[in-house]
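Undergrad: Starting off with a structure, shown below.
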Amino acid sequence: MTTTQPRIQWLGRWGFVLAATGSAVGLGNIWKFPYMTGEHGGGAFVLVYLACILAVGVPVMMAEIALGRRGRGSPVDAIRRVVTESGRTGAWSLLGWMAMLCGFLILCFYVVVAGWSFSYLGKMLSGGLAAGSVDDMVAIFAANNASPWNLGLWSTLVTVITMVIVGKGVQGGIERSVGWMMPGMVVMLLILIVYGVFSGGFAEALGFLFIFDAGSLSSEGLLAALGHAFFTLSLASGAILTYGSYLPADASIARTALTVAVADTLVALMAGLAIFPAIFANGMDPGEGPGLIFMSLPLAFQAMPLGTLFGVLFFTMLSMAALTSSVSMVEATVSWLCDRHGLSRRAAAWGAGSLLWVISTLAMLSFNIGADWTLAGRHLFDWLDYLTSRWLMPLGGLGTVLLAGFVLRADLLREELGLVAPGYTLWLLMVRYVSPLGILVIFVDALGIAEVEFGVHWPWLLAMLVVITLVGELSSPRLKRSLRG
């Protein structure tokens with residue numbers, strides 16, 4: 310197949326690893342993972358989450374990287390080239406459009422959330438987080454969002470920094486920035502963890518995160534672990550597929566994907582070890598939910614010696630995590646503008662950034678002067694979250710595994726992955742059966758079709774398993790040829 314090679318590639322495999330890990334390690338790891346762990350039983354949730362990463366996350370990530378590197382283009386162009394090479398209909402390129410749209414729409418509300426991190430960093434430096442109770446912190450958070458000028462300033466700052474980085478290119482912008490931001494985040498986490506060892510709550514935090522208690526994990530926790538394992542790796546949003554298109558041909562996709570998954574998980578666990586000692590040392594509830602980072606933790610910093618210093622470190626790290634993710638989510642759109650329309654990186658970045666700023670500003674207004682602007686009971690901010698997390702990402706992920714597992718020629722992906730039996734056999738079985746089942750469960754649960762309790766859930770799970778097994782049986786001759794050849 311003749312393809313248009315990307316103008317530039319990562320300097321090496323570690324450029325991709327840092328960029329992809331930066332994409333995965335966003336607010337979801339440092340903000341969402343700790344409070345989800347707290348809500349769903351600690352160590353039992355962590356163990357199930359790790360199993361879901363291996364069973365669902367890694368196989369799908371390998372498929373996306375392979376599609377990107379084989380197609381050498383934006384999600385739209387890469388998928389179109391790969392399906393053409395396999396002799397399949399070009400309609401599958403709709404998956405590329407879906408992924409690119411999904412990443413861009415996520416970023417439209419993500420920059421608002423990222424703006425909270427930057428805003429709290431400024432408040433920590435200026436002493437604006439002084440409060441005596443959680444209720445006072447709630448008032449500070451509400452006041453922070455009530456001003457469109459304040460919230461708009463910070464979300465605009467995130468947008469501008471993101472476009473400056475992306476506009477400088479793959480090596481000069483993305484790779485160089487994550488080359489210092491990712492190690493910087495790890496160093497700051499280590500400093501916070503070391504401090505936590507002497508804070509008086511570290512032993513309790515260790516037990517909370519790593520002692521397995523099966524009775525503490527509900528069916529809701531199982532679904533939360535499965536869903537977070539899929540969403541945390543930036544799958545089905547165009548980011549990993551686009552980053553894969555820059556991956557050198559001699560880099561091992563399996564080893565690279567596993568490295569990213571391990572790094573992403575380690576950062577999430579390190580975030581827990583940095584956050585929970587302060588929470589436990591101050592007698593706070595680790596299951597506080599989203600308020601853990603923006604309400605409970607600032608109170609804990611106030612009660613700590615050198616609390617302002619460690620608060621600044623924490624929100625600096627949170628801001629950098631937000632940036633590494635925001636850069637990845639717009640890269641698919643910028644890559645498409647460059648490849649399809651011949652724009653320069655700078656022009657494509659600022660063109661995409663201008664549209665991003667308009668939509669994100671409207672989403673930001675959902676918290677203040679646009680609080681009454683609703684459609685079917687949802688603000689624009691909520692609609693962006695709903696459409697991406699409940700529809701575009703699960704459908705895109707499902708489409709990706711069906712494309713990789715059943716539609717494309719088996720020899721094509723086997724050659725790109727560079728795997729031999731039993732590694733390729735295991736990946737094929739996972740991407741055909743286990744990953745689709747997991748994504749279907751996420752999709753059904755997100756839409757609220759099934760109840761949370763197992764008493765109602767298991768018939769749905771069984772029905773899905775039967776359907777997928779039937780599909781596998783119908784294609785069994787092709788499966789046997791795939792495994793043989």
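Read in the numbering used here, the sequence shown has 475 at position 166, and its numbers run on one by one without any break. Quick reminder that beta carbons are idealized off the backbone N, C-alpha and C, glycines included. Keep in mind that this is a model prediction, so the values were computed, not measured.
Quick check on this structure: which residue in Pro343, Arg741, Leu711, Asp648 has the alpha carbon closest to the alpha carbon of Val392?
TA: Taking the sequence shown and counting its residues from 1, one reaches residue 392 at position 83. Comparing Cα positions, the closest option is Leu711.
Undergrad: Using the Cα positions of Phe624 and Gly509, report the straight-line distance between them to the nearest angstrom.
TA: Locating residue 624 in the sequence shown gives position 315, counting from the first residue. Locating residue 509 in the sequence shown gives position 200, counting from the first residue. Distance between the alpha carbons of Phe624 and Gly509 is about 22 Å.
Undergrad: When the Cα atoms are used, what is the spatial distance from Phe507 to Met613?
TA: Within the sequence shown, the letter at position 198 stands for residue 507. Within the sequence shown, the letter at position 304 stands for residue 613. One C-alpha to the other measures close to 11 Å.
Undergrad: Are the CB atoms of Ala566 and Met371 nearer to each other than 8 Å?
TA: The residue labelled residue 566 in the question sits at position 257 within the sequence shown. The residue labelled residue 371 in the question sits at position 62 within the sequence shown. Yes, they are a contact pair.
Undergrad: Just verifying my parser: in three-state terms, what is the DSSP assignment at Leu664?
TA: Within the sequence shown, numbered from 1, the residue matching residue 664 stands at position 355. Leu664: helix per DSSP, three-state reduction.
Undergrad: Confirm, please, whether the CB-CB distance from Val385 to Ser402 is below 8 Å.
TA: Here residue 402 refers to the residue found at position 93 of the sequence shown. Here residue 385 refers to the residue found at position 76 of the sequence shown. Closer than 8 Å, so yes.
Undergrad: Using C-beta distances below 6 Å, list every residue in its chain close to Val643, excluding the 5 sequence neighbours before and after it, in chain order.
TA: On the sequence shown, residue 643 is found 334 positions in, with the first residue counted as 1. Here the set comprises Val475, Ala657, Ala658, Ala661.
Undergrad: Apart from the five residues just before and just after Leu722, which ones in its own chain have a Cβ nearer than 7 Å to its Cβ?
TA: Sequence index remark: in the sequence shown, residue 722 carries index 413 (1-based). Cβ within range, chain order: Ala375, Ala713.
Undergrad: If the criterion is Cβ atoms closer than 8 Å, does the pair Leu518 and Gly352 meet it?
TA: Here residue 518 corresponds to residue number 209 of the sequence shown, with the count starting at 1. Here residue 352 corresponds to residue number 43 of the sequence shown, with the count starting at 1. In contact: Leu518 and Gly352 (Cβ atoms closer than 8 Å).
Undergrad: Within a Cβ cutoff of 8 Å, which residues of the same chain sit near Pro368, ignoring the five residues on either side of it in sequence?
TA: As a first step, residue 368 is located in the sequence shown; it is residue number 59 there, counting from the start. Answer for Pro368: Val710, Trp736, Met739, Val740, Val743, Ser744, listed in chain order.
Undergrad: By the three-class DSSP mapping on this structure, what secondary structure does Leu684 have?
TA: The residue given as residue 684 occupies position 375 in the sequence shown. Correct three-state label for Leu684: strand.
Undergrad: Would you mind working out which of Leu359, Ile602, Leu414 sits nearest Leu298, comparing C-alpha positions?
TA: Residue numbering for the chain in the displayed model covers 310 to 794; residue 298 lies beyond these limits and cannot be assessed.
Undergrad: Looking only at its own chain, which residues have a Cβ that is under 6 Å from the Cβ of Ser332, when we skip the five neighbours before and after it?
TA: Mapped onto the sequence shown, residue 332 falls at position 23. These residues qualify, in order along the chain: Ser543, Ala548, Ser634, Ser637.
Undergrad: Three or more C-beta pairs closer than 8 Å, one from the region 600 to 619 and one from the region 459 to 476: is that the case here?
TA: no
Undergrad: Is it true that the region 554 to 562 meets the region 592 to 612, where meeting means three or more beta-carbon pairs spaced less than 8 Å apart?
TA: no
Undergrad: Please tell me whether Gly488 and Leu327 are closer than 8 Å, where the distance is taken between their beta carbons.
TA: For this step, residue 488 is matched to residue 179 along the sequence shown. For this step, residue 327 is matched to residue 18 along the sequence shown. Going by C-beta atoms, Gly488 is nearer than 8 Å to Leu327.
Undergrad: Less than 8 Å separating the beta-carbons of Met491 and Thr697?
TA: The residue you call residue 491 lines up with position 182 of the sequence shown. The residue you call residue 697 lines up with position 388 of the sequence shown. It is not a contact, given that the beta carbons lie outside the stated cut-off.
Undergrad: If you draw a straight line from the alpha carbon of Leu652 to that of Leu646, how long is it in whole angstroms?
TA: Taking the sequence shown and counting its residues from 1, the one referred to as residue 652 is at position 343. Taking the sequence shown and counting its residues from 1, the one referred to as residue 646 is at position 337. Pairing Leu652 with Leu646, the inter-Cα distance amounts to about 6 Å.
Undergrad: Taking the C-alpha atoms as reference points, what is the distance between Trp406 and Phe521?
TA: Your numbering for residue 406 matches position 97 in the sequence shown. Your numbering for residue 521 matches position 212 in the sequence shown. Taking the straight line joining both Cα atoms gives about 42 Å.
Undergrad: Any chance you could list the beta strand (DSSP E) runs of at least 3 consecutive residues sitting entirely within the region 527 to 611, in chain order?
TA: none
Undergrad: Using a Cβ-Cβ cutoff of less than 6 Å, which residues in the same chain neighbour His349 once the five nearest sequence positions on both sides are dropped?
TA: Reading the sequence shown from its first residue, position 40 is the one you call residue 349. Annotation for His349: Gly530, Ala533 place their beta carbon closer than 6 Å to its own, counting only its chain and skipping 5 residues before and after.
Undergrad: Can you tell me whether Arg564 is buried or exposed? The criterion is at least 16 other CB atoms within 10 Å of its CB, across all chains shown.
TA: As a working mapping, residue 564 is identified with position 255 in the sequence shown. Its Cβ having fewer than 16 others within 10 Å, Arg564 is exposed.
Undergrad: Does any C-beta atom of chain C lie closer than 8 Å to the C-beta of Ala612?
TA: The structure shown contains no chain C, having only a single protein chain.
Undergrad: Indicate whether Ala631 and Leu336 have their beta-carbon atoms separated by less than 8 Å.
TA: Within the sequence shown, the letter at position 322 stands for residue 631. Within the sequence shown, the letter at position 27 stands for residue 336. Against a cut-off of 8 Å, the Cβ pair of Leu336 and Ala631 comes out as a contact.
Undergrad: Classify Pro768: buried if its beta carbon has 16 or more other beta carbons within 10 angstroms, exposed otherwise.
TA: As a working note, residue 768 is residue 459 in the sequence shown. In this predicted model, Pro768 has a pLDDT of only 44, less than 50, meaning its place in the structure is not dependable; the value taken from the coordinates is given anyway. By the neighbour-count rule (16 or more Cβ atoms within 10 Å), Pro768 is not buried but exposed.
Undergrad: Ignore the nearest five residues each way along the sequence and tell me which others in Thr398's own chain have a CB closer than 6 Å to its CB.
TA: Reading the sequence shown from its first residue, position 89 is the one you call residue 398. None.
Undergrad: Just the C-alpha distance for Leu749 and Leu728, rounded to the nearest angstrom, thanks.
TA: Taking the first residue of the sequence shown as 1, we reach residue 749 at position 440. Taking the first residue of the sequence shown as 1, we reach residue 728 at position 419. Their backbone Cα atoms lie some 27 Å apart in a straight line.
Undergrad: So Met446 is in the alpha helix (DSSP H); what residue range does that whole segment cover?
TA: Position 137 of the sequence shown, counting from 1, holds the residue named residue 446. DSSP places Met446 in the uninterrupted alpha helix (DSSP H) bounded by 443 to 455.
Undergrad: Using 10 angstroms around the beta-carbon of Gly813, count the other beta-carbons present and answer buried if the total reaches 16, otherwise exposed.
TA: This structure cannot settle anything about residue 813, because the visible part of the chain is limited to 310 through 794.
Undergrad: Find out if the Cβ-Cβ distance for the pair Ile751, Thr574 is shorter than 8 Å.
TA: Here residue 751 corresponds to residue number 442 of the sequence shown, with the count starting at 1. Here residue 574 corresponds to residue number 265 of the sequence shown, with the count starting at 1. The answer is no: Cβ separation not under 8 Å.
Undergrad: Residue range of the alpha helix (DSSP H) that Met345 falls in?
TA: The residue labelled residue 345 in the question sits at position 36 within the sequence shown. 342 to 348 is the extent of the alpha helix (DSSP H) around Met345.
Undergrad: Which runs of the alpha helix (DSSP H), 4 residues or longer, sit entirely within the region 341 to 399?
TA: 342 to 348, 352 to 361, 367 to 380, 384 to 394
Undergrad: Beta-carbon within less than 6 Å of Gly340's beta-carbon, same chain only, minus the 5 sequence neighbours each way: which residues are those?
TA: As a working mapping, residue 340 is identified with position 31 in the sequence shown. Checking the sequence, you will find Trp at residue 340 rather than Gly. So the list reads Ile602, once near-sequence residues are dropped.
Undergrad: What span of residues does the alpha helix (DSSP H) with Leu414 cover, start to end?
TA: Here residue 414 is taken as the residue at index 105 of the sequence shown, counted from 1. Unbroken alpha helix (DSSP H) run through Leu414: 403 to 435.
Undergrad: Among the residues of its own chain, which have a CB less than 6 Å from the CB of Ala560, if the five just before and after it don't count?
TA: The sequence position of residue 560 within the sequence shown is 251, counting from 1. Closer than 6 Å at the Cβ level, and outside the excluded window around Ala560, lie Arg322.
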